[in-house]
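Residue numbers (the numbering used here), protein chains in the order written: chain L, 29 to 206; chain S, 38 to 230. Take a look at the structure below.
This is the structure:
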């Protein structure tokens, strides 16, 4: 019996190694890194946190206006998209810092935990799509979704933080509001 | 022997403007760098250590070092090469911690021919090749990967591993031979010339 390996042409080790696909980690290291990049925490000023958090909690999930105006001309589309992409990335990083700071007190409620886990799962899916899609237009849409989602998470976290400081619970506040 | 390697997966041209923003500490710039280099760093760490969890830790440590040390990057060489060296150092450090480094061995010139052989076509199957690589000692696998996939010279490998160039050559020859054996290849049939 003839071994096909002995008759077929071989490949070099370098070519074989180069042919191996790039691997992806099971989880993104970015959230931890973003938290590390966050500036030192200061004591929150709760009246401001209340205003921002509750406003966002009750208004943002129902839809925000677009962050930028549509481009006026075809030639401006690419530049406009790049600028908007950079702005969204910056906003995304800022929101992750806000969430990391608000999330670091160990206090939570069942509703807040469930909301956070759900949003985290959606964030993970979005990050996977961002990895897979290199088209700028698609990336722009995905980054918009990511920022929107982070705003929602930030709203929940800051509201929960404030209510906890008042000795109240997010679950109760949500029931009262709806 | 001239090492003609395919381009490293790290070979991404990073705009100076992005590096400038990262040096200023802009999180968005770091996030962009992370997203570009996440897979190259993870893949290199995985190839060298053979362990996904270790590779995950190395990815994190490498990026932390990038953040902490980016002010030290002078720009007289490609950024990706600088970052890759950090990832290599972190991976090799992990191998050392686990005691997976081999003792120094003298290079036998008769081993050298082993580097020129071709592997069987089944080596093109990523799963089969990955399994064979996983069975090599960590240091041997590291030398094979750094030499063939990343284009390091024996002197560069020796410097990174704290060994001699002779060690690197020896591991390359032995690793190639072992890999060929694992892929069930007849040595004589596929030797060049």
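The C-beta atom is built at its ideal place from N, Cα and C for all residues, glycine as well.
Residue i - DSSP class collapsed to helix/strand/coil
{"i": "residue 45 of chain S", "result": "coil"}
{"i": "residue 155 of chain S", "result": "strand"}
{"i": "residue 120 of chain L", "result": "helix"}
{"i": "residue 114 of chain S", "result": "coil"}
{"i": "residue 62 of chain S", "result": "coil"}
{"i": "residue 163 of chain L", "result": "coil"}
{"i": "residue 157 of chain L", "result": "helix"}
{"i": "residue 59 of chain L", "result": "helix"}
{"i": "residue 190 of chain S", "result": "coil"}
{"i": "residue 114 of chain L", "result": "helix"}
{"i": "residue 216 of chain S", "result": "helix"}
{"i": "residue 221 of chain S", "result": "coil"}
{"i": "residue 199 of chain S", "result": "coil"}
{"i": "residue 75 of chain S", "result": "helix"}
{"i": "residue 108 of chain L", "result": "helix"}
{"i": "residue 176 of chain L", "result": "helix"}
{"i": "residue 54 of chain S", "result": "helix"}
Own chain residues within Cβ distance below 6 Å of residue i, not counting five before or after
{"i": "residue 44 of chain L", "result": "none"}
{"i": "residue 125 of chain S", "result": "197"}
{"i": "residue 153 of chain L", "result": "none"}
{"i": "residue 164 of chain L", "result": "109"}
{"i": "residue 65 of chain L", "result": "none"}
{"i": "residue 46 of chain S", "result": "77"}
Chain S residues whose Cβ lies nearer than 9 Å to that of residue i
{"i": "residue 169 of chain L", "result": "The contacting residues do not exist; residue 169 of chain L stays about 16 Å from chain S at best."}
Residues of its chain near residue i, where Cβ-Cβ distance is below 7 Å and the 5 sequence neighbours each way are ignored
{"i": "residue 131 of chain S", "result": "86, 91 and 95"}
{"i": "residue 194 of chain S", "result": "180, 183, 184 and 205"}
{"i": "residue 48 of chain L", "result": "none"}
{"i": "residue 69 of chain S", "result": "55"}
{"i": "residue 48 of chain S", "result": "117"}
Residue i - partner residues in DSSP beta bridges
{"i": "residue 39 of chain L", "result": "S:156"}
Burial state of residue i (16 or more Cβ within 10 Å)
{"i": "residue 56 of chain L", "result": "buried"}
{"i": "residue 120 of chain S", "result": "buried"}
{"i": "residue 113 of chain S", "result": "exposed"}
{"i": "residue 171 of chain S", "result": "exposed"}
{"i": "residue 44 of chain S", "result": "exposed"}
{"i": "residue 57 of chain S", "result": "exposed"}
{"i": "residue 199 of chain S", "result": "exposed"}
{"i": "residue 82 of chain S", "result": "buried"}
{"i": "residue 59 of chain S", "result": "buried"}
{"i": "residue 221 of chain S", "result": "exposed"}
{"i": "residue 166 of chain L", "result": "exposed"}
{"i": "residue 106 of chain S", "result": "exposed"}
{"i": "residue 34 of chain L", "result": "Low confidence applies here, because residue 34 of chain L scores a pLDDT of 42, under 50, leaving its location unreliable and the question unanswered by this model."}
{"i": "residue 192 of chain S", "result": "exposed"}
{"i": "residue 187 of chain S", "result": "buried"}
{"i": "residue 50 of chain S", "result": "exposed"}
{"i": "residue 54 of chain L", "result": "exposed"}
{"i": "residue 99 of chain S", "result": "buried"}
Partner residues on chain L for residue i, Cβ-Cβ distance less than 8 Å
{"i": "residue 69 of chain S", "result": "117"}
{"i": "residue 96 of chain S", "result": "53 and 57"}
{"i": "residue 93 of chain S", "result": "53, 54, 55 and 57"}
{"i": "residue 48 of chain S", "result": "Going along chain L, no residue has its Cβ under 8 Å from residue 48 of chain S, so there is no contact; the nearest lies around 12 Å."}
{"i": "residue 22 of chain S", "result": "This structure gives no information on residue 22 of chain S, because the portion of chain S shown stretches from 38 to 230."}
Per-residue contacts from residue i into chain L (C-beta, under 9 Å)
{"i": "residue 182 of chain S", "result": "45"}
{"i": "residue 89 of chain S", "result": "51, 53 and 54"}
{"i": "residue 75 of chain S", "result": "52, 53, 56, 57, 58 and 159"}
{"i": "residue 80 of chain S", "result": "48, 49, 50, 51 and 52"}
Contacting residues, own chain, Cβ-Cβ under 8 Å from residue i (five flanking each side not counted)
{"i": "residue 171 of chain L", "result": "113, 116, 117, 120 and 158"}
{"i": "residue 149 of chain L", "result": "none"}
Chain-ordered neighbours of residue i on chain L, where CB pairs are closer than 7 Å
{"i": "residue 100 of chain S", "result": "57 and 61"}
{"i": "residue 213 of chain S", "result": "41"}
{"i": "residue 83 of chain S", "result": "51"}
{"i": "residue 136 of chain S", "result": "What residue 136 of chain S touches in chain L: nothing, since even the nearest Cβ is about 25 Å away."}
Closer than 8 Å at the beta carbon, the chain S residues around residue i
{"i": "residue 64 of chain L", "result": "101 and 104"}
Cross-chain neighbours of residue i in chain S, by beta carbon under 7 Å
{"i": "residue 121 of chain L", "result": "64, 65 and 68"}
is_contact[residue i, chain B] using C-beta, thresh 7 Å
{"i": "residue 163 of chain S", "result": "Reference to chain B is not applicable here, since the protein chains of this structure are L and S."}
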